[in-house]
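> Take this structure first; my questions come after.
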Amino acid sequence: MTASHKPVPKPTPETQPFWDGTAEGRLRIQRCLACSRHYFYPRPACPHCGSDDVTWVTASGRATLYSYVINHRPAPGFEQDGPYAIAVVELEEGVRMMTNIVGVEITPENLPLDMELRVVFEQRGDVHVPLFTPASAGAAV
Numbered sequence: 001m002t003a004s005h006k007p008v009p010k011p012t013p014e015t016q017p018f019w020d021g022t023a024e025g026r027l028r029i030q031r032c033l034a035c036s037r038h039y040f041y042p043r044p045a046c047p048h049c050g051s052d053d054v055t056w057v058t059a060s061g062r063a064t065l066y067s068y069v070i071n072h073r074p075a076p077g078f079e080q081d082g083p084y085a086i087a088v089v090e091l092e093e094g095v096r097m098m099t100n101i102v103g104v105e106i107t108p109e110n111l112p113l114d115m116e117l118r119v120v121f122e123q124r125g126d127v128h129v130p131l132f133t134p135a136s137a138g139a140a141v
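In full-length UniProt numbering, the protein residues as written are 1 to 141.
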């Protein structure tokens, strides 16, 4: 199956700026103007201080591998991807997000924790989903 057969996220008013950024090849996260902290997942108020004085910023796209699991039983739409890594990465800006690791054979030996990663985007329907690949890997997915 191709990426077009995978589940497609449905943007909401709160997440639309995130998806607009991914369509432009930019990973956008929110930053609180009151306490200066970044956060992800998108929401109208800062989870750290409660302020609604928040803005969208473009993240560097660099991350490290925080945790992962290797899935050998693919979900619908992912049958051709198995085994695949479901991961939590920590962005350079300090926030964590759930994603998939691509561009490397999915084995524990190839997925050391704290491995340096960079964002790539996979088009699914009308959205571009951020995935991560080893920073040393070649071209984007």
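From the three backbone atoms N, C-alpha and C, an ideal C-beta is built for every residue, glycine too.
Within its chain, find whatever has a CB closer than 7 Å to the CB of Met115; leave out the 5 residues flanking it on each side and keep chain order.
Thr64, Leu65, Pro134
> Which value, in whole angstroms, describes the spacing of the CA atoms of Thr2 and Met98?
The predicted position of Thr2 is uncertain, since its pLDDT is 44 and thus under 50; a value taken from the coordinates is nonetheless stated next. Distance between the alpha carbons of Thr2 and Met98 is about 21 Å.
> Using 8 Å for Cβ pairs, my map puts Gly61 next to Arg118. What's the rounded Cβ distance?
6 Å
> Considering only the alpha carbon of each residue, which of Thr55, Gln123, Glu92 lies closest to Pro9?
Gln123
> May I have the straight-line CA-CA distance separating Lys6 from Val129, to the nearest angstrom?
11 Å
> Rounded to whole angstroms, what's the CA-CA distance from Pro44 to Glu14? Just pull it up for me.
Just so you know, the alpha carbons of Pro44 and Glu14 end up roughly 7 Å apart.
> Can you give me the Cβ contacts of Ala140 inside the same chain, cut-off strictly under 6 Å, excluding the 5 residues immediately before and after it?
Interpretation of Ala140 is limited by its pLDDT of 46, a score under 50 that renders its predicted location unreliable; no figure is taken from the coordinates.
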